[in-house]
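Chains as they are written, first to last, in our numbering: chain A, 97 to 537; chain B, 97 to 537.
Ideal Cβ placement from N, Cα and C applies to all residues, glycine included.
The structure displayed is predicted, hence computed values, not measured ones.
For reference, the structure is listed below as structure tokens.
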């Protein structure tokens, strides 16, 4: 669950009304998740704007006209996604032009770019692509480096309209590199981060607030604080919407918080636990291996998004059967017979085996019952054992998470990664003898 | 990309207007994906309804009142999610009651259920939970088996309002088990599947259409056909909105299509490739192991959602380093030196090693450059080698996918699973000598 206390204060930074219109029957039929809302909402939030409304409608021209008219009347900035492609279903341009009272004009420059793009891929442009070469008569074109349909930009009636192509790999760079700077130039969002974000791990929201209260108390109303909790991590966002604190002052308060937090501090910004732990491994020239049962590849896949992960990530094993634990990780058969696969002993043996087999300095292991099936009286569904192997020993702990399988797995992976991160932070600061919690084996 | 041709025809089945209002700043700030749209949109689609609009707004009472008033005026059914919890931010109930002109009344029965729930978890109910015990004076309560806040149901002005709690594990069973049957009873959606869905794999949309055209042509307008393509799979949805074909007739046409499709047919409904391949393995009492580099756990994790997967899935290895390929999978060092890690030879060696190490009958391996970094002149980013080990030999093929990393990985995993599925279908039908494409090693 995400904490409630995350909205910027009403007077926070930019009080312009933004609306996002996402087009597509595939969204309404549940065939595709609405990633545009997630991406654009987060980008606007970082620049001091709380998106006021997102509307998803069908591809029908009538629906587009009605919705755009309504949003255009009440918003300062309207962003649309999708419907700019070459097929006959892509009617957004025409529908919006009608509401704006603008003509669409043919732009030969766009055709040239599309033709060159086709040529680079060794293909010839088909005529339906010419549809994408129309822009609003009083408007501009946002070049698309990753696809054929350019974005469109209109300033009219003291408002801004931004139309973006649907594919995420085209939309996202266009938004970050072109739209954000243009909006910032017009004073419609901040040209910098709206807040300093401190990411913490392993500490609940109220414990975090208690810990930082002495610092916050000194600044009263001048400092705005928002918490955002998500599955084992809590972000603290510091800002001064009233402007009574300078950016440098907010940054200095953040630095104080970081010092106070110690190893509960994970990073500034929004890096993942795997990224932070990976950076620590790289800095210490250490390597990691993983072994998992219930989470079946989820822990390993945390590292696939990180460029150059092969520098520190040796690999991992997904072991469903006892046979595979013995074969891949040298877990002794007698250990599995005596303690079972869901046990602290097996978790530790898996971590040790992964480290030895893969020649890694560190290893993480996860085993347990994530549900919905499985589970015993002693270890009901939601019971997870994690283990950490380090150059100076191996430890394991028992955890229990309520909720559906995906939640249990996500929290187990986060708990394992955070354990490694803390260990690496301690090693880095020279205090490797710190007391650990949990049952040692 | 999802195909455009997926919307039910305008006269399809149920022409009621549904709107979905999803509440929460966390959605607008991009902190949480809007999974409610995906789930509810898909459920309605299955029962013959195309959701007309989804609006996401902030938690502010004014915004809720304005949006609910607008949606209530034009829709036949309005569904809201979120804002029913015990905290002071949860204002949805009051805002909606004001628009409906209804009072909220205290329902002691709800309190009793909440108290029992707390007691079962060994906790005492706090007073703020009493907020959840209010229902509309002219309305009903939808019991919540998985949380404290019940759903609310109102029939008024010839329309229906459904208010659902935000947590997905509470909302989803409530919707499937209570809301769908209630709406069907009122004739607002179908009490059965709106279409027969045939899922295919490995065939493009146009090739599929060509193949099935002779069957479709015989039924003309009476049969409605919709295609939905998603990364290596295409769904064909058959229905008869006009009612000129009976359900039995549509099912019989679907059976004809399945026969015509041969091994391109994957399943009826919406099972995943891993589920279908897993069922075939289970039926043939065979086991599978996997080995992966670039996809780093994605292939293995396809099996984690399947209950009882340990019956047929032995496990997997994620090998980032050459060292790990040698250690876990016995890939010969000389092979890696001669051919490199991204090669048909290594893919085959990894599959063989996984099968032998894990004692599995079948094995899949994936290696390649998914991007954004890596790649060579010979094997640019997007190059993937997949290999399949079977009891009668090992094969590998080279593939190339354009697009961002996540797309390349997803398509590689689907291609590998489909290869296995086809092999198992052939074994099942006794034709194991079918010609295979791709470079053999």
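Taking only beta-carbon atoms, is residue 533 (chain A) less than 8 Å away from chain B?
-> Confidence is the limiting factor: at residue 533 (chain A) the pLDDT is only 36, short of 50, which leaves the residue's position unreliable, though a coordinate-based value still follows. Closer than 8 Å: no.
How should residue 343 (chain A) be labelled, buried or exposed, when 16 other C-beta atoms within 10 angstroms of its C-beta is the threshold for buried?
-> The residue is exposed, with fewer than 16 neighbouring Cβ atoms inside 10 Å.
Nearest-angstrom Cα separation, counted from residue 361 (chain B) out to residue 504 (chain B) = 23 Å
Using a Cβ cut-off of 8 Å (strictly closer), state whether residue 393 (chain A) contacts chain B.
-> yes
When B:285, B:412, B:418, B:509 are compared against residue 172 (chain B), the one with the closest alpha-carbon = Distance from the Cα of residue 172 (chain B) is smallest, within the candidate group B:285, B:412, B:418, B:509, for B:285.
Beta-carbon spacing of residue 520 (chain A), residue 329 (chain A) below 8 Å = The Cβ atoms of residue 520 (chain A) and residue 329 (chain A) do not sit closer than 8 Å to each other.
Can you check DSSP and say which residues form a bridge with residue 482 (chain A)?
-> A:462, A:493
Bridge partners - residue 335 (chain A), DSSP secondary structure assignment = A:320
State the DSSP-derived secondary structure class of residue 150 (chain A), mapped to helix, strand or coil.
-> strand
Own chain residues within Cβ distance below 8 Å of residue 148 (chain B), not counting five before or after = 113, 114, 115, 171
Thinking just about the alpha-carbon of each residue, which of A:169, A:160, A:151, A:181 is nearest to the one in residue 167 (chain B)?
-> A:151
Own chain, CB closer than 7 Å to residue 301 (chain B), minus 5 neighbours either side, in chain order | 99, 323, 325, 330
Quick one: is residue 388 (chain A) buried, meaning 16 or more other Cβ sit within 10 Å of its Cβ, or exposed?
-> buried
Residue(s) in a DSSP beta bridge with residue 255 (chain B) = Paired residues: B:252.
For the segment 339-422 of chain A, list the alpha helix (DSSP H) runs that are entirely contained and at least 4 residues long, ordered along the chain.
-> Qualifying alpha helix (DSSP H) stretches, in chain order: 343-357, 369-379, 394-397.
Compare the C-beta of residue 239 (chain B) with all C-beta atoms of chain A and state if any pair is closer than 8 Å.
-> no
Output yes or no for whether 8 Å exceeds the beta carbon distance between residue 398 (chain B) and residue 513 (chain B).
-> Yes, the Cβ-Cβ distance between residue 398 (chain B) and residue 513 (chain B) is below 8 Å.
Could you check if residue 298 (chain A) is buried or exposed, using at least 16 other CB atoms within 10 Å of its CB as the buried criterion?
-> buried
Any idea what DSSP makes of residue 286 (chain B), helix, strand or coil?
-> coil
How is residue 453 (chain B) classed by DSSP in three states: helix, strand or coil?
-> helix
Sorted by chain position, which residues of the same chain lie with C-beta nearer than 6 Å to residue 524 (chain B)'s C-beta, five sequence neighbours on each side aside?
-> Once the five neighbours on either side are set aside, residue 524 (chain B) has no close Cβ partner at all.
Between residue 334 (chain A) and chain B, is there a C-beta pair that is closer than 8 Å?
-> Closer than 8 Å: no.
Quick one: which chain A residues come within Cβ less than 7 Å of residue 479 (chain B)?
-> The premise fails here: residue 479 (chain B) is roughly 16 Å from chain A at the closest Cβ pair, so nothing lies under 7 Å.
Taking residue 250 (chain A) as the query, report the chain B residues whose CB atoms sit under 8 Å from its CB, ordered along the chain.
-> What residue 250 (chain A) touches in chain B: nothing, since even the nearest Cβ is about 23 Å away.
Apart from the five residues on each side of it in sequence, which residues of its chain come closer than 6 Å, Cβ to Cβ, to residue 256 (chain B)?
-> 173
Apart from the five residues just before and just after residue 240 (chain A), which ones in its own chain have a Cβ nearer than 7 Å to its Cβ?
-> Excluding residues within five positions, the ones whose Cβ falls inside 7 Å are 246, 247, 261, 266, 270.
Can you check whether the CB of residue 353 (chain B) is closer than 8 Å to the CB of residue 332 (chain B)?
-> In contact: residue 332 (chain B) and residue 353 (chain B) (Cβ atoms closer than 8 Å).
Give a yes or no on whether the minimum CB-CB distance between residue 509 (chain A) and chain B is below 8 Å.
-> no
Would a check of beta-carbon distances place residue 519 (chain B) closer than 8 Å to chain A?
-> no
What's the gap between the Cα of residue 303 (chain B) and the Cα of residue 135 (chain B)?
-> 30 Å
Under 9 Å from the C-beta of residue 150 (chain B): neighbouring residues of chain A | 118, 123, 124, 130, 150, 151, 152, 153
Terminal residues of the continuous alpha helix (DSSP H) containing residue 299 (chain B)?
-> Note, residue 299 (chain B): premise wrong, no alpha helix (DSSP H); not H, not E.
Hey, does residue 453 (chain A) have any beta-carbon neighbour from chain B nearer than 8 Å?
-> yes
Residue 143 (chain B) and residue 366 (chain B): beta carbons closer than 8 Å?
-> The answer is no: Cβ separation not under 8 Å.
With distances taken Cα to Cα, identify the nearest neighbour of residue 254 (chain A) among A:139, A:401, A:288, A:283.
-> A:283
Could you tell me whether any Cβ in chain A is nearer than 8 Å to the Cβ of residue 475 (chain B)?
-> no
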